[in-house]
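For the sequence shown, the positions run 6 to 296 when the numbering used here is used. Don't be surprised by glycine CBs; every beta carbon is placed ideally from N, CA and C.
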Amino acid sequence: MKKFYTEYRVLLITLLVWIGGCQQNTTYDSEPKLKVVIAIDATFIPMSFINSDNEKDGFEVDLIKEVARDAGLKYELINVEWGGLFAGLITKKFDLIISSASFHWINDLPGTLVQALRSLKQDGLLLVNFFGGGTLTELRRSLLEAESEIKGGVSPRISPFADLREAGALLQRAGFALPVADIESMTVSYDSPQKLLYDLRGMGEVNAITGRLKSFTSRKIILLACNRYRELYEDSSGRIPATFELITLTGWAPASNQQKAAKRGSGLHSLKDELETVSYTHLTLPTILLV
């Protein structure tokens, strides 16, 4: 799971570099003058929590300290309970909202994006990533086939994920300007399906669906699912793949100084005329499939 921590670090560095870049003309004396206020939910062990000395601690906190120090920034951490994070925000207060690998747990994603937009100042940025629809396809198929074979039916085991098109549409629906949705697919190799399950539990990515089976899954189903996983996906070296799809969303709070599309009919040159002057004799055109 080291690659996920790398993704998180890159996302956080992007945040602080972006904020630092806004102040690139500022000359610091002995102390940095720019102060970044960062809200965290200090109940998410080991990412962030309150330690025995009543201080904010955890992976997120350590990472923020190091990146802020490297960027020459002052920072202040405030503890905000996640459930009331957006409800308690002051309208148009924040320059940037950032989240890594957590939005897939939100039940009302459209509502959350709307509240996030209301919390941003004009030209403020939303930068989030979360697991997408292609995540754990191998595990989902193996569990479905094993449970169906033994019990004659299936129960929900993995939370539903948004796909790229849906995520981009939600940004537009919420009212963000200049919305961008991107996707990256990563394949992690494991010794066994059991090692994958162990990592998922360590990440806190276990079954939390309200309609899930309330009793323990039988050993017979788990063993059959692991065997089916190997039968379907094991490579020549005896290892199994696990696919993780990360969707990244960026969107800006509308502002008058942002780029805008030109008005219809304001163009000075005809695309048709330009294309007619281009010679395609020596060009190899790509084959495009529209679906």
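Could you check the C-alpha separation between residue i and residue j for me, to the nearest Å?
i	j	result
Lys98	Glu279	47 Å
Gly137	Ala172	9 Å
Arg224	Ser53	34 Å
Asp67	Pro51	11 Å
Cys27	Ser261	Since pLDDT at Cys27 reaches only 46, below the 50 mark, its modelled position is unreliable, and the value read off the structure follows with that caveat. Rounded to the nearest angstrom, the two C-alpha atoms are 18 Å apart.
Thr31	Ser104	Residue confidence for Thr31 is low, a pLDDT of 41 falling below 50, so the modelled location carries little weight and cannot support an answer.
Thr140	Glu86	28 Å
Leu114	Leu169	14 Å
Ala230	Arg178	39 Å
Ala213	Ser164	8 Å
Asn112	Lys277	47 Å
Val211	Leu144	13 Å
Asp62	Ser153	44 Å
Leu237	Gly116	39 Å
Report back the beta-carbon spacing between residue i and residue j to the nearest angstrom; my notes put them in contact at under 8 Å.
i	j	result
Ile102	Ile69	So it is not a contact: roughly 15 Å between Cβ atoms.
Phe135	Ala106	6 Å
Ala167	Ile252	7 Å
Counting only the same chain and skipping the five closest in sequence on each side, list residues whose C-beta sits under 7 Å from that of residue i.
i	result
Leu176	Leu118, Pro184, Ala186, Leu254, Gly256
Ser57	none
Ser194	Arg244, Pro246
Asn84	Ile45, Ala47, Lys61
Glu250	Phe136, Gly137, Gly138, Gly139, Thr140, Ile188, Ser190
Asp34	Bear in mind that the predicted position of Asp34 carries a pLDDT of just 47, short of 50, making it too unreliable to give a figure here.
Excluding the 5 residues flanking residue i on each side, which residues of the same chain have their C-beta closer than 8 Å to its C-beta?
i	result
Gly3	Absent from the model: residue 3. The displayed extent of the chain is 6 to 296, so no value can be given.
Glu239	Ile245
Thr142	Thr248
What's the call for residue i, buried or exposed, on a 16-neighbour Cβ count within 10 Å?
i	result
Arg233	buried
Met191	exposed
Gln29	In this predicted model, Gln29 has a pLDDT of only 43, less than 50, meaning its place in the structure is not dependable; the value taken from the coordinates is given anyway. Counting Cβ neighbours within 10 Å, Gln29 comes out exposed, since fewer than 16 surround it.
Glu60	exposed
Thr48	exposed
Pro198	buried
Lys7	In this prediction, Lys7 has a pLDDT of 41, which is less than 50 and means its spatial position is unreliable; what the coordinates show is noted afterwards. Exposed: under 16 other Cβ atoms inside 10 Å.
Ile45	buried
His109	buried
Glu189	exposed
Gly270	exposed
Glu65	buried
Gly272	exposed
Considering only residues of the same chain and omitting the five flanking positions on each side of residue i, which have a CB-CB separation below 6 Å?
i	result
Thr282	none
Leu125	Phe99, Ala258
Subject >> Three or more C-beta pairs below 8 Å linking the stretch 144 to 161 and the stretch 209 to 218 >> reply: yes
Original post:
Is there contact here, the stretch 197 to 204 with the stretch 123 to 133, by at least three beta-carbon pairs under 8 Å?
Top reply: no
**OP:** Would you check if the stretch 261 to 279 and the stretch 147 to 154 touch, i.e. whether three or more CB-CB distances between them fall below 8 Å?
**Re:** no
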